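Enquirer: Quick one: structure below, then a few questions.
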């Protein structure tokens, strides 16, 4: 009888011990102060990639290159890269009734004389969401003066769109398509009382030369920054 009583006592002790462990496991931890939570969150956060600097231009550049889309085909919203954060911000809504005829963006790891990456208009079937990137093929260059400053645009086709990827020269495009592109850039700032002049379209080799020059300017800028 005594052995049975002792055995039951041992079982009770084990049950009580397990109950204490379970209670401790599910005991709510004290809520950290707000500043402690913020610091903890920041310490765990990974650094976001910057599309201008961290995305490679691609091994086939300047002929075929990566392009980051800022503005979707058919949009009246003028998005642009915020160079400090790498995010795509809303710059303004176009003042006129026109919309972007094709996807519009920039080429990573390039730099132009105005301090911005090289602009590119990409012809393809579908609108692409801002912030996405794609492979594009340069087919020409549109010389443009925006309020007295050089602001040339690379004209390209999506290298992975079967409807347009066979184009290799801007002169292969239908004349109406070229007129549409020209008219958009001539008119889209008129209601803002800003002057834009568009010159004759130039061949793909000129576009590739311009991209290569912008790649060299970017590389020089990075070297100068590292030396500071």
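Numbering (the working numbering), first residue to last: 10 to 237. The beta-carbon is built from N, C-alpha and C at its ideal position, and this holds for glycine as well. Note that the structure is a prediction, hence the values are computed from the model and not measured.
Going by DSSP, name the residue or residues bridged to residue 167.
Expert: Counting from 1 along the chain shown, the entry for residue 167 is found at position 158. Beta-bridge pairing links residue 167 to 145.
Enquirer: Roughly how many angstroms separate the alpha carbons of residue 80 and residue 137, rounded to a whole number?
Expert: Here residue 80 refers to the residue found at position 71 of the chain shown. Here residue 137 refers to the residue found at position 128 of the chain shown. Computed Cα separation, rounded: 8 Å.
Enquirer: Does DSSP put residue 47 in a helix, in a strand, or in coil?
Expert: By 1-based counting over the chain shown, the position of residue 47 is 38. Low confidence applies here, because residue 47 scores a pLDDT of 46, under 50, leaving its location unreliable and the question unanswered by this model.
Enquirer: Is it right to say residue 78 is buried, meaning 16 or more other beta carbons lie within 10 angstroms of its own, or is it exposed?
Expert: By one-based count along the chain shown, residue 78 stands at place 69. Per the 10 Å Cβ criterion, buried.
Enquirer: Chain C beta carbons: is any one of them nearer than 8 Å to that of residue 211?
Expert: The chain labelled as chain C is not found in the depicted structure, where only one protein chain is given.
Enquirer: Roughly how many angstroms lie between the CA atoms of residue 200 and residue 100, to the nearest whole one?
Expert: Stepping through the chain shown from its first residue, residue 200 is reached at position 191. Stepping through the chain shown from its first residue, residue 100 is reached at position 91. Cα to Cα, residue 200 sits roughly 16 Å from residue 100.
Enquirer: On the CB-based measure, 16 or more other CB atoms within 10 Å of its CB, does residue 143 come out buried or exposed?
Expert: Looking up residue 143 in the chain shown gives position 134. Residue 143 is buried by the Cβ-count criterion.
Enquirer: Determine the direct distance from the alpha carbon of residue 203 to that of residue 107, and round the result to whole angstroms.
Expert: Your numbering for residue 107 matches position 98 in the chain shown. Your numbering for residue 203 matches position 194 in the chain shown. So the alpha carbons of these two residues sit roughly 15 Å apart.
Enquirer: Can you tell me whether residue 67 is buried or exposed? The criterion is at least 16 other CB atoms within 10 Å of its CB, across all chains shown.
Expert: Locating residue 67 in the chain shown gives position 58, where the first residue counts as 1. By the neighbour-count rule (16 or more Cβ atoms within 10 Å), residue 67 is buried.
Enquirer: Which partner residues of residue 155 appear in the DSSP bridge assignment?
Expert: Counting from one through the chain shown, the residue named residue 155 turns up at place 146. For residue 155, which the question treats as bridged, DSSP gives the partners 158 and 205.
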